[in-house]
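Numbering (the numbering used here), first residue to last: 239 to 444.
For glycine and all other residues, C-beta sits at the position ideal for the given N, C-alpha and C.
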Amino acid sequence: MELPSRVVLVTAGGSGIGLAIAHHFYNRGDRVHICDIDQSTIDNATCEMPDVTSTCADLTDTEQVDTVFRDLKETHGQLDILINNVGVAGPAAAVEDILPTEWNDTIAVDLNSIFYVTRKAVPMLKKSSGVMVNMSSTAGLFGCPLRSPYSAAKWAIIGLTKTWAIELGSFGVRVNAICPGSVNGSRIDKVIELDAKTRNMNPSEV
């Protein structure tokens with residue numbers, strides 16, 4: 239039986255988990271729009287998936303978030319599924335060694351951008367009785383030493399997911415979170431390297 243085509247927005251969809259998610263929906267026959275801060279990763283993704291539409295945007299900037307949704311509406315006219323995947327690893331350091339700028343930068347990407355995207359997506363999801371999936375982490379369930387800002391943001395995403403699930407449920411919008419552990423890719427490689435440096439170890443030992 240042929241499944242109906244849906245419109246899916248994947249943030250940070252140019253690489254890593256986001257790219258894998260985009261591939262899943264694309265291969266299913268859905269209409270996929272990705273956004274990413276890195277145009278080169280978008281170019282690579284759209285080479286692999288020629289019908290995917292895209293916007294290059296920094297989601298910590300509300301004006302650029304507006305651009306994403308303007309592009310989405312002009313191209314597809316609706317939104318059925320939002321994948322809030324954007325995030326950075328942030329610093330790997332003892333809490334006393336984390337700079338306020340590092341804290342703020344991590345929270346801006348891993349938490350604030352989720353709010354900026356969601357507030358624009360919700361009116362569209364209400365119309366379609368759609369689905370929102372927020373990318374948290376095992377760090378949002380158990381904590382993670384040397385990763386204070388990242389853990390704080392991922393715990394907050396769990397709280398927001400529960401809040402939005404209650405708030406939007408009466409509109410037929412389902413909201414869930416995924417909490418993956420370590421995933422192969424450049425982000426975890428950087429985390430391992432920083433963790434090793436903090437512990438005066440070789441990355442291979444970590």
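Item                                                                                                                                                                                        : Value
Among the residues of its own chain, which have a CB less than 6 Å from the CB of Asp296, if the five just before and after it don't count?                                                 : Ile275 and Gln302
What does DSSP give as the partner residues of Met373 in its beta bridges?                                                                                                                  : Ile416
Which same chain residues, not among the five before or five after Ala346, have their C-beta less than 6 Å away from its C-beta?                                                            : Thr298
Excluding sequence positions up to five away, which residues of its chain have a Cβ less than 6 Å from the Cβ of Gly256?                                                                    : Val248, Ala250 and Asn323
Sort Gly381, Thr401, Leu320 and Thr293 by Cα distance to Glu312 and report the nearest one.                                                                                                 : Thr293
Spatial neighbours of Ile352 within its chain, please: C-beta separation below 8 Å, excluding the five flanking residues on both sides.                                                     : Asn322, Val324, Asn372, Ile395 and Leu398
For the region 328 to 337 against the region 361 to 381, do three or more pairs of beta-carbon atoms, one drawn from each stretch, fall closer than 8 Å, so that the two count as touching? : no
Alpha carbon to alpha carbon, how far is Lys400 from Met362? Give it in angstroms, no decimals.                                                                                             : 20 Å
Just how far apart, CA to CA, sit Ala260 and Asp289?                                                                                                                                        : 11 Å
Given that a residue counts as buried once 16 or more other Cβ atoms are within 10 Å of its Cβ, and exposed if not, what is Leu337?                                                         : exposed
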